[in-house]
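Q: One structure is given below, represented as structure tokens, and several questions about it will come after.
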Amino acid sequence: DHWRVYVPVLLISVVAMLPLLLLSMRSGKSYTAFRVALSLMLVSAALLAWAAGHGWGLVGGLVIFFTGFNLLEALLPSLVSRVAPSQLKGTALGVYNTCQFAGVFVGGAVGGVIFGHFGPAGVFLLMGTLLALWWIVVLVGDVPELMNSVTVYLEDMPAAQFEDRIAALRQLPGVYDVTVLAGQNMVYLKV
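Quick note: our numbering has the sequence shown finishing at residue 205, numbered continuously throughout.
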């Protein structure tokens, strides 16, 4: 019977999330969309704690929660890769994915214990508290500089000329990081 609520909630939340995601991508406001997603999840935690077990309030809270959650799921890997240095992007995404899956395990275990002792309202209050702490950290923290990656392929050339090209790339305005893949004539730029 849960699917009768979950499937429509998930579909509505994906439809609600898509315009936010597309707008943030087109306008370059990914970090603002990240804050909006956290805010939606925080509002949903309050609504879910208040409406635990009360039909439409519960459904509304779930729609708001999954709108924010789905937006975070889409934004976070992109934000991590845009903040990480070129040579560490794979490592940063690996750490992110590991933490994500560890979080699913820990969240499920802790949520189960809290549910057993305090019921659904306890789970939603804990979720709201953790989200509020995260929201405060994001609010008072520095806004990260989000960069894009560009791949440049260089033709075969003598080593000295290759080094001159790399030096020229490093001097271009707006280029923050240059990573050379040895032996492949490929250069990653953070711009």
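Ideal Cβ placement from N, Cα and C applies to all residues, glycine included. In this text, all values refer to a predicted model and were calculated from it rather than measured experimentally.
1. Identify, in the order they occur along the chain, each residue of the same chain with its Cβ nearer than 8 Å to the Cβ of Val157, setting aside the five sequence neighbours on each side.
2. In this structure, what does DSSP give as the bridge partners for Asp178?
3. Distance check for Trp64 and Ser92, CA to CA, integer angstroms please.
4. Using DSSP bridges, identify the partner residues of Met39.
5. Taking just the CA atoms, how far does Ala66 sit from Phe132?
6. Note down the Cα distance separating Gly74 from Leu140, rounded to an integer number of angstroms.
7. Could you tell me whether the Cβ atoms of Asn199 and Glu177 are closer together than 8 Å?
8. Whose CA, out of Val205, Met171 and Asn84, lies closest to the CA of Leu183?
9. For the beta strand (DSSP E) containing Ser163, list its first residue and its last residue.
10. Between Phe80 and Met55, what straight-line distance do the alpha-carbon atoms span, to the nearest angstrom?
11. Thinking just about the alpha-carbon of each residue, which of Met161, Leu76, His68 and Arg49 is nearest to the one in Asp191?
12. Starting from Tyr45, trace the alpha helix (DSSP H) in both directions and tell me its first and last residue.
A: This is what the structure holds:
1. Tyr45
2. DSSP lists no partner for Asp178.
3. 33 Å
4. Beta-bridge pairing links Met39 to no other residue.
5. 12 Å
6. 19 Å
7. no
8. Val205
9. Ser163 to Tyr167
10. 8 Å
11. Met161
12. Ser44 to Ala65
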